[in-house]
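Each remark here refers to the structure printed beneath this line.
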Amino acid sequence: MTAWVRLELDLAAFDETPFLPCLDAATAAGVALTTMARLGDDAPQRRRLEALWARCAADDPGTDLSAGVPERCAAASYDPHGAVVAVEGEHWVGLSVTSLRPLEGYAFGEMTGVVPERRGRGLAVAMKLEAVRWARSRGHTRLRTFHHPDNAAAIGLNLRLGATAPSP
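Each residue of the sequence shown is one higher than the one before, starting from 650 at the first, in our numbering.
Have a look at this one:
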């Protein structure tokens with residue numbers, strides 16, 4: 650059995666200042682960060698989100714793509730305002746989907762990913778920063794996530810932002 654890496658970011662203490670250059674770089678490169686709410690959270694857009702999700706996650710260890718985006722978007726915790734999409738021209742090149750778990754007292758990072766040919770440009774950090782801003786705006790002070798232990802990129806991203814192992 651795989652022991653998943655569980656991480657938590659303290660949103661109340663999070664300082665976004667060191668990560669603002671990633672937002673600036675995305676904008677300078679012609680990448681717009683938007684949300685499913687702004688794009689129109691309808692069936693065609695969700696199919697597009699599902700294809701992007703599958704493409705970004707295809708090489709992530711431990712990712713179960715059998716639980717597709719339609720099921721995730723039908724969940725009570727889904728909010729199209731928490732689904733950040735990176736758009737370059739007409740192409741969707743990344744996503745960061747965050748759900749809210751108010752009864753549990755945290756926001757949850759469902760998935761952050763960038764298509765392989767656009768990685769290494771800071772887009773994941775920029776999208777995650779937008780996700781943090783959204784979760785904070787909704788009154789959340791903790792953002793949790795978990796990853797397969799071989800998913801070094803996702804673990805590294807969260808650690809870079811300051812995430813640590815959650816308190817019991």
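Ideal Cβ positions, reconstructed from N, Cα and C, are used throughout, including at glycine.
All figures in this text were calculated on a predicted structure; none of them were measured in a lab.
DSSP lists 733, 761 as the beta-bridge partner residues of residue 745.
The DSSP-derived three-state label of residue 666 is helix. Pairing residue 660 with residue 785 gives a Cβ-Cβ distance under 7 angstroms.
The continuous alpha helix (DSSP H) containing residue 785 extends over residues 772-786. When C-alpha distances from residue 763 are compared across 755, 776, 751, the shortest belongs to 776. In the DSSP assignment, residue 657 falls within the unbroken beta strand (DSSP E) covering 654-659. Under the DSSP assignment, residue 681 falls in the beta strand (DSSP E) whose first and last residues are 680-684. Within its own chain, the residues whose Cβ lies closer than 8 angstroms to the Cβ of residue 772, once the five positions on either side in sequence are excluded, are 671, 675, 680, 735, 742, 743, 763, listed in chain order.
In the assembly as shown, residue 655 is an exposed residue. Its beta-carbon has fewer than 16 other beta-carbons within 10 Å. Per DSSP, the unbroken alpha helix (DSSP H) holding residue 806 starts and ends at 801-810. Contact between residue 685 and residue 729 is confirmed by a C-beta separation of about 4 angstroms, below the 8 angstroms threshold. Annotation: residue 666 to residue 688 spans about 27 angstroms, alpha carbon to alpha carbon.
Residue pairing for residue 755: DSSP places it in a beta bridge opposite 750.
Inclusion of residue 703 and residue 747 in the CB contact set at 7 angstroms is not warranted, their separation being larger than that value. About 36 angstroms separates the CB atoms of residue 692 and residue 798; that is not less than 8 angstroms, and the two are not in contact.
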